[in-house]
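Chemist: Chains as they are written, first to last, in the working numbering: chain A, 150 to 620; chain B, 150 to 620. Please see the structure below; I have some questions.
2 protein chains.
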Amino acid sequence: MAKAPVLTPQAEDFPRWYQDLISKAELADNGPGRGTMVIRPYGYGIWERMQQEMDARIKATGTRNAYFPLFIPQSYLTREAEHVEGFAPELAVVTHGGGKQLEEPLVVRPTSETIINEYFSKWIQSYRDLPLLLNQWANVVRWEMRPRVFLRTTEFLWQEGHTAHATYEDARDFAARIHHEVYADFMENVLAIDTVLGIKSPAERFAGAINTRTLEGMMGDGKALQMGTSHELGQNFARAFDTRFLAADGERDLVWQTSWGASTRMVGGLIMSHGDDNGLRVPPRLAPTQAVVLAIKDDPAVLAKVREIGAALTAAGIRTEVDDRTDTPFGRRAVDWELKGVPVRVEIGPRDVAADTAMLARRIAGGKEPVAIEALPKLLPGLLDEDQELLLRQSRERRESRTSDVRTIEEAVEAATAGGWARIPWADLGPEGEARLAQDAVSVRCLVAEDGSVPESVDTPGNIAVVGRAY
Amino acid sequence: MAKAPVLTPQAEDFPRWYQDLISKAELADNGPGRGTMVIRPYGYGIWERMQQEMDARIKATGTRNAYFPLFIPQSYLTREAEHVEGFAPELAVVTHGGGKQLEEPLVVRPTSETIINEYFSKWIQSYRDLPLLLNQWANVVRWEMRPRVFLRTTEFLWQEGHTAHATYEDARDFAARIHHEVYADFMENVLAIDTVLGIKSPAERFAGAINTRTLEGMMGDGKALQMGTSHELGQNFARAFDTRFLAADGERDLVWQTSWGASTRMVGGLIMSHGDDNGLRVPPRLAPTQAVVLAIKDDPAVLAKVREIGAALTAAGIRTEVDDRTDTPFGRRAVDWELKGVPVRVEIGPRDVAADTAMLARRIAGGKEPVAIEALPKLLPGLLDEDQELLLRQSRERRESRTSDVRTIEEAVEAATAGGWARIPWADLGPEGEARLAQDAVSVRCLVAEDGSVPESVDTPGNIAVVGRAY
Chain A
150 MAKAPVLTPQ AEDFPRWYQD LISKAELADN GPGRGTMVIR PYGYGIWERM QQEMDARIKA
210 TGTRNAYFPL FIPQSYLTRE AEHVEGFAPE LAVVTHGGGK QLEEPLVVRP TSETIINEYF
270 SKWIQSYRDL PLLLNQWANV VRWEMRPRVF LRTTEFLWQE GHTAHATYED ARDFAARIHH
330 EVYADFMENV LAIDTVLGIK SPAERFAGAI NTRTLEGMMG DGKALQMGTS HELGQNFARA
390 FDTRFLAADG ERDLVWQTSW GASTRMVGGL IMSHGDDNGL RVPPRLAPTQ AVVLAIKDDP
450 AVLAKVREIG AALTAAGIRT EVDDRTDTPF GRRAVDWELK GVPVRVEIGP RDVAADTAML
510 ARRIAGGKEP VAIEALPKLL PGLLDEDQEL LLRQSRERRE SRTSDVRTIE EAVEAATAGG
570 WARIPWADLG PEGEARLAQD AVSVRCLVAE DGSVPESVDT PGNIAVVGRA Y
Chain B
150 MAKAPVLTPQ AEDFPRWYQD LISKAELADN GPGRGTMVIR PYGYGIWERM QQEMDARIKA
210 TGTRNAYFPL FIPQSYLTRE AEHVEGFAPE LAVVTHGGGK QLEEPLVVRP TSETIINEYF
270 SKWIQSYRDL PLLLNQWANV VRWEMRPRVF LRTTEFLWQE GHTAHATYED ARDFAARIHH
330 EVYADFMENV LAIDTVLGIK SPAERFAGAI NTRTLEGMMG DGKALQMGTS HELGQNFARA
390 FDTRFLAADG ERDLVWQTSW GASTRMVGGL IMSHGDDNGL RVPPRLAPTQ AVVLAIKDDP
450 AVLAKVREIG AALTAAGIRT EVDDRTDTPF GRRAVDWELK GVPVRVEIGP RDVAADTAML
510 ARRIAGGKEP VAIEALPKLL PGLLDEDQEL LLRQSRERRE SRTSDVRTIE EAVEAATAGG
570 WARIPWADLG PEGEARLAQD AVSVRCLVAE DGSVPESVDT PGNIAVVGRA Y
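Shown next as structure tokens:
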């Protein structure tokens, strides 16, 4: 008799599989307020590892962390016209504080360009103060009409970088550097998610930006997820907040700026990229727990052995957890670790202790075989590297096999509807074609250059639009 | 001619000295909303180091991080009567979201006991789920009538731990463990701040707690600062949220809980404990930058040498920064580093390069003398240890020399007014005496046992009240 599946199968109902996985792997719960979420310890542990890896890359660019207030005076938001138009429908507003109605309502930050520019205007005096490179890790709030855990939540956690530069070129190059050295490097080498790097069409650009670089990942159902964006803000916010510097030539010039962010939405991307019908699969370089050592039953020799192996693996630099909760049936614990996607399980029972072997189960490459216990610390790092590469390869192969080159809007819609992406010359599509795609819920995810690189601008000849359905 | 002091001297005006230091050392700025702050990169770097050290200690207790929503339905707050009474005057309320008035207003969390209990009620089924040990790093909002940067701000950053246990004893012991192993250990061994560990009088207890443990530090002006608290919540929140577990005996019992927090207020405590008329002094174990290597002038040999020394110190495990901004006068940079309180400055000019020596300036122990460059990597760790010990000793000596044993309320007020603390038997003071002290703005900081340890309870015979003025 076949066992009932732990999760709704992906092929049956992908959105429901996603919700099932988040619930059963104990990643998150829905919050009490509309569209909010509670990130449970295992989900938060994954986010903490994302933060560590991203933060190191951000700091390597010379950027330093700071913290700006959650509440932004409503008047700040209105200073940059496109920006307020983009965010006004999504704002949460504090009208009362300390038991009294406030004179000016405070907006809960949806993003921090405005309040940060207010301070940049105070801190930046001369060209010696530039570039000014700041980042903050924070919560932000955007009222969501169709919330979905991790993907679109009213409150989410993110990092938002904000920088000011003396020239257009310096700002542009820095936005590109973040795109490549922070986001692309992290997503490829840690998340093991293949992404297409490109620029947004004018319709999809960040409200207030002159150019937005993006990374688009293809999920298991062929839909796209925007994984991170890096914006050139030009002088739009500098003009609105009069952020100027004394240039070497004695002029008081407006600064050129960038902003860039990636959020807890990446956890959703991780699930939808690497998850399967048995649960999550976490890339080893990201995994808070790379190996779990399980005691099959409550036996003193077994318990001593799992602790000994746990210590040996930890000493070998492997993030290891020992599961000695023998009051819960072994089978249920094994299924739980599979659901959570821990790359390697080392299972120990009395016979294994006697034989000095362990049963080694691999969540990503698959398979289960006995190995000598003493060989584990040297064996595992290589297996984890293989798993890491395998996930990236599977992600890349999915994107390549489900992307087709087309010439007409009808073909593009057809490809997207079938669960994939289409590449169509931007010259053949244009803003009018983009509007027609929207009628079928298909959008331009990004524009790439003819050779697949990130184009100079929207108008660069030969640009190709990558289009698909998106989260 | 004496130079004008960089800061208002402490002896002249301590609060103004504090504000001056925060501004000139670029730790923080006032935010635009009432009582908010902008934490600048240097101040945030100090907070990040606090987070790292605290987080490691929190995790060592078996506690894991999670994240709960910023917005709490107003109805949750009202379920625990004392809790809502304590926090109602301080709340910020969101009444509008996504362009519409909300059906139920949302409170911006002032602390998270209520929303966390809602989820504990879902997650806790049986005794096997206990203890449940969670912590979150988050921003919270409490409307402040008399705000002061880092000490009392409308929004602040903190960690809040929340745990649930099967028995009163287990909860009590865990609250005590956090008090000692996380907070006391961190404050003594990292912050180098001497604190008195005790319990709060009933009047000073957290709203909703049955017992509050506290750590009180004496600031440079003899006033007290509450540096962290660990609460036993009894079954108060469990009752309000019906948080029950199936006990081994088959009964559905209410859990016993704790909560505990420490915040960015500790940055204020750091400044007021260790700062002097020349600026901040950061304990080496905390310092984001332990040593700075300064190029005195723009000379190729000098610049090469500072980078070489910087690399050697970094390789020796010392958190090192190289200051080669020779377009700013050397004297100004030296004053800046002194203001920022970096423990060690290594200054290099052309003559030093020729002689293979560096001028070594010590911010904490004081003094400036030439040392052989090659000796630096081996020399500095020992000096930094000395500095760390010296700061703790100075902090302890201040508290000891400014604390007096008294028998009357008048003597206690006199001691507090003179800038110190008084110790008075709690049996002689009691709640009535406490109310009389309050008329002179003097409060009971904590109760300690006769032998100086943390007492079992408020009613333990022989308890001594430590009283003083406080921030």
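All C-beta atoms in this analysis are idealised placements derived from N, C-alpha and C, irrespective of residue type, glycine included.
1. Taking A:Ile563 as part of the alpha helix (DSSP H), name the residues at either end of that continuous run.
2. Whole beta strand (DSSP E) runs in the stretch 567-596 of chain A with 3 or more residues, listed along the chain?
3. Whose Cβ in chain B lies nearer than 8 Å to the Cβ of A:Leu306?
4. Given this structure, state the Cα-to-Cα distance separating B:Ala504 from B:Lys454, to the nearest angstrom.
5. Between the Cα of B:Asn612 and the Cα atoms of B:Leu281, B:Tyr620 and B:Ser602, which residue gives the shortest distance?
6. From which residue to which residue does the alpha helix (DSSP H) around A:Met199 run?
7. For A:Lys249, name the three-state secondary structure that DSSP assigns.
8. Short of 7 Å in beta carbon distance, which residues of its chain neighbour B:Lys349, apart from the five on each side in sequence? Order them along the chain.
9. If I measure Cβ to Cβ from B:Arg301 and keep anything under 6 Å in the same chain, skipping five residues before and after, which residues do I get?
10. State the start and end residues of the unbroken beta strand (DSSP E) segment that holds B:Asn179.
11. Nearest chain B C-beta to A:Gly480 closer than 8 Å, yes or no?
12. Starting from A:Phe323, find everything on chain B with Cβ-Cβ shorter than 8 Å and list it in chain order.
13. Which residues in the same chain as B:Ala389 place their Cβ atom closer than 6 Å to its Cβ, once the five residues preceding and following it in sequence are excluded?
14. What residue range is occupied by the uninterrupted alpha helix (DSSP H) comprising A:Ile458?
15. Identify whether B:Leu170 lies in helix, strand or coil by the three-state DSSP scheme.
16. Which one or two residues does DSSP pair with B:Thr361 in a beta bridge?
17. Over what stretch of residues does the alpha helix (DSSP H) that includes A:Gly531 continue unbroken?
18. Going by other Cβ atoms of all chains shown within 10 Å of its Cβ, with 16 needed for buried, is A:Gln285 buried or exposed?
19. Could you tell me the distance, in whole angstroms, from the CA atom of A:Leu528 to the CA atom of A:Tyr191?
20. Using DSSP bridges, identify the partner residues of A:Met508.
21. Along chain B, in chain order, which residues have C-beta atoms closer than 8 Å to that of A:Leu429?
22. In chain B, which residues lie less than 7 Å from A:Arg189 when you measure between Cβ atoms?
23. Let me check one thing: in DSSP terms, what residues is B:Met421 bridge-paired to?
24. According to the neighbour-count rule (16 or more other Cβ atoms, all chains shown, within 10 Å of its Cβ), is A:Asp178 buried or exposed?
25. Taking Cβ-Cβ distances shorter than 9 Å, what residues in chain B pair up with A:Ala587?
26. Might you give, ordered along the chain, the residues of its own chain that have their beta carbon closer than 7 Å to the beta carbon of A:Gly182, omitting 5 neighbours on each side?
27. What residues from chain B crowd round A:Phe220, counting only those whose CB sits closer than 9 Å?
28. Using the DSSP secondary-structure output, state which residues sit across from B:Asp225 in a beta bridge.
29. So, for B:Asn427: in the same chain, excluding its five sequence neighbours on each side, which residues have a beta-carbon less than 6 Å away from its beta-carbon?
30. Flag A:Asp169 as yes if its beta-carbon sits less than 8 Å from any beta-carbon of chain B, otherwise no.
31. Give the straight-line distance between the Cα atoms of A:Val491 and A:Val520, rounded to the nearest whole angstrom.
32. If you draw a straight line from the C-alpha of B:Asp448 to the C-alpha of B:Val243, how long is it?
33. So B:Thr212 packs on B:Leu283, CB below 8 Å; how close in whole Å?
34. Could you name the residues of chain B that A:His380 contacts, counting a contact when the two beta carbons are closer than 8 Å?
35. Based on the DSSP output, what are the partners of B:Asn284 in its beta bridges?
36. Between the C-alpha atoms of B:Met150 and A:Glu267, what's the straight-line distance to the nearest angstrom?
Modeler: Let me spell this out:
1. For the sequence presented, residue 563 of chain A should be read as Glu rather than Ile. Taken as a continuous stretch (DSSP letters only), the alpha helix (DSSP H) holding A:Glu563 covers Ile558 to Thr566.
2. 570-574
3. Tyr216
4. 12 Å
5. With distances taken between Cα atoms, B:Asn612 lies closest to B:Ser602.
6. Pro190 to Ala209
7. The three-state reading of DSSP puts A:Lys249 in strand, counting E and B together.
8. Thr361, Thr363 and Cys595
9. Glu293
10. Ala177 to Asn179
11. False, the Cβ-Cβ gap to chain B never drops below 8 Å.
12. Within chain B, no residue comes near A:Phe323; the closest Cβ sits about 17 Å away, beyond 8 Å.
13. Hits under 6 Å: Arg228 and Glu229.
14. Pro449 to Ala464
15. The DSSP-derived three-state label of B:Leu170 is helix.
16. B:His380
17. Start and end: Leu525 to Ser550.
18. So A:Gln285 ends up on the buried side.
19. 26 Å
20. A:Glu496 and A:Pro519
21. Under the 8 Å cutoff, chain B gives no residues; its nearest Cβ is about 17 Å from A:Leu429.
22. Ala215
23. In the DSSP output, where bridge partners are listed per residue, B:Met421 has none listed.
24. By the C-beta density criterion, A:Asp178 is buried, having at least 16 other C-beta atoms within 10 angstroms.
25. Ordered by position in chain B, no residue passes the 9 Å Cβ test against A:Ala587, which lies about 22 Å from the chain.
26. Thr303
27. Gly180, Pro181, Gly182, Thr185, Ala241, Val257, Val290, Thr303 and Glu304
28. This sequence places Tyr at residue 225 of chain B; Asp is not what is there. Note: B:Tyr225 sits in no beta bridge, so no partner.
29. The residues are Glu487.
30. no
31. 18 Å
32. A straight-line Cα-Cα distance of about 58 Å links B:Asp448 and B:Val243.
33. Confirmed, Cβ separation roughly 7 Å.
34. Those within 8 Å of A:His380 in chain B number zero; the least Cβ separation is about 21 Å.
35. B:Asn214 and B:Gly310
36. Its pLDDT being 45, under 50, B:Met150 is placed unreliably by the model, and the measurement read from it follows with that caveat. Their backbone Cα atoms lie some 39 Å apart in a straight line.
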